[in-house]
Structure formats: structure tokens, C-alpha cells
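The structure appears right after this line, and notes come after that.
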Amino acid sequence: MGWIGKNSNLINPKNGSYFFIAELILDLELEPDAPIKDYCGTCTRCIDACPTDAIIKPYVVDGSKCISYFTIELRDALPAALMNNFDNWAFGCDICQEVCPWNRFSKPTAEPDFYPKKEILEMNTEEWNEISEDVFKKYSTIPSQSSRL
Ligand code: SF4
Ligand code: SF4
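Take -6 as the starting number for the sequence shown in our numbering and just add one per residue.
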């Protein structure tokens, strides 16, 4: 399917890294294809661009420094020392994918459920900062891309 890039994402040479991985369970004998080569080469764009230095060395992301971890998985308060590095990310952080040259080959989805909702895009910073639990629940049931305030 691809190779694991230095940003630790699976990268496909024809689609970049913006895709879901799925699995088919079959009762067929299939001929496996050969592993793909690593095409990261000398590139270090993802490492250089990560705002929290979470890619501590090529192919290794320290989850305890990653904005995606803080904004999606962490249940406690955000660490004060890193607050200024979040660059207004509200859910996830795709910088290490945005800067990856292979994502020039990524294709927009044709699935309308994955399009960002107009109501979310129209929210301003104040509305995000004061979001109620009801509104959060309403929007968090909608599939959406990573979002920045
Ligand atoms: S998602 Fe953001 S914070 Fe996490 S490794 Fe990538 S660039 Fe760094
Ligand atoms: S930005 Fe460069 S080093 Fe990082 S995953 Fe993409 S090709 Fe590899």
C-alpha cells in the first residue's frame, strides 16, 4: 500500500497519506505483492515543520508531544508549556502531512459526509472558545477533517 514515512504516516506514491486504511476478509488465495521502497529520501520537511518537535527522529513520533494527541486523546488539561505552540489547532494537526511533497498526489474525497460542514467553517474563535457541550456533541458526531480555529 505504501511506505511508512518519516512522519510515521503510511504514504502511497499515487495518493499521498490522506486516506483511510481498510481490510477485506476473503476466502481467496491471493498473491502478495512486494513491499514498496521508502521514497522519503533526504527530505526532512515533516520533521522541520512540526510545531512541537514531536517527530523526535525520522519515523518516530513522540505521542506525548503531538498536537493530535493533545487535542483528540488527552482527557486532562493541556500542558501550559506547550500552549503557545498549538497554532489554534482545535482538533488534530496535519502539518506533517500538509508539508509532505507526496500529498500533492492526494485526491479530494467524493464522499459528501466527509466535507466540512458550513456551520463549523463559519464559527469564529470566540464561538469555538465558548462552545457548549451540546454544540460540541452535535458537531463531533459529524465526520470532519482536522480543523483549525
Ligand atoms: S500531527 Fe502535528 S504535532 Fe503531531 S507530529 Fe505531525 S506536525 Fe507534529
Ligand atoms: S515530508 Fe518528506 S520526510 Fe516527511 S514523510 Fe513526507 S517525504 Fe517523508
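Backbone N, C-alpha and C fix where the C-beta goes; we use that ideal spot for every residue, glycine too.
Whether residue i touches residue j by CB criterion (9 Å)
| i | j | result |
| --- | --- | --- |
| Y32 | N96 | no |
| E112 | Y132 | yes |
| C43 | I14 | no |
| D41 | I60 | no |
| N2 | Q90 | yes |
| N0 | I48 | yes |
Contact test: residue i Cβ vs ligand 2 heavy atom, cutoff 8 Å
| i | result |
| --- | --- |
| T37 | yes |
| K(-1) | yes |
| W82 | no |
| Y(-5) | One detail in the question is off: residue -5 reads as Gly in this sequence, not Tyr. G(-5): no, Cβ never under 8 Å from ligand 2. |
| P6 | no |
| V92 | yes |
Check: residue i C-beta below 8 Å from any heavy atom of ligand 1
| i | result |
| --- | --- |
| P44 | yes |
| A47 | yes |
| K111 | no |
| I54 | It is worth fixing the name first, because residue 54 is Val in this sequence and not Ile. Yes - ligand 1 has a heavy atom lying nearer than 8 Å to the Cβ of V54. |
| Y62 | yes |
Close-in-space but distant-in-sequence residues of the same chain around residue i (CB under 8 Å, 5 per side omitted)
| i | result |
| --- | --- |
| D46 | K58 |
For residue j and residue i, believed in contact at Cβ under 8 Å, the rounded distance
| i | j | result |
| --- | --- | --- |
| C86 | R38 | With a Cβ gap of about 15 Å, C86 and R38 do not count as contacting. |
| Y62 | I(-3) | About 18 Å; that fails the 8 Å criterion. |
| K7 | F98 | 6 Å |
| G56 | I29 | At roughly 25 Å, the Cβ-Cβ gap does not stay under 8 Å, so G56 and I29 are not in contact. |
Segment limits, beta strand (DSSP E) that includes residue i
| i | result |
| --- | --- |
| K131 | Here K131 belongs to no beta strand (DSSP E); instead the alpha helix (DSSP H) covers 126 to 133. |
| W82 | 82 to 84 |
| I49 | 48 to 50 |
Residue i - containing alpha helix (DSSP H), residue span
| i | result |
| --- | --- |
| I14 | Here I14 belongs to no alpha helix (DSSP H), and DSSP marks it neither H nor E. |
| K111 | 111 to 114 |
| I40 | 38 to 42 |
| E24 | Looking at the DSSP string, E24 is not in any alpha helix (DSSP H), and its letter there is neither H nor E. |
Neighbourhood of residue i by C-beta distance below 6 Å, restricted to the same chain and skipping five residues each side
| i | result |
| --- | --- |
| S137 | Any reading at S137 needs caution, since the residue's pLDDT is 46, under 50, leaving its predicted position unreliable; the model's value is listed next. For S137, where only same-chain residues beyond five positions count, the Cβ hits under 6 Å are P109. |
| G9 | W95, N96, F98, S99 |
Cutoff 7 Å; reference residue i; Cβ partners in own chain excluding five residues on either side
| i | result |
| --- | --- |
| L71 | F63 |
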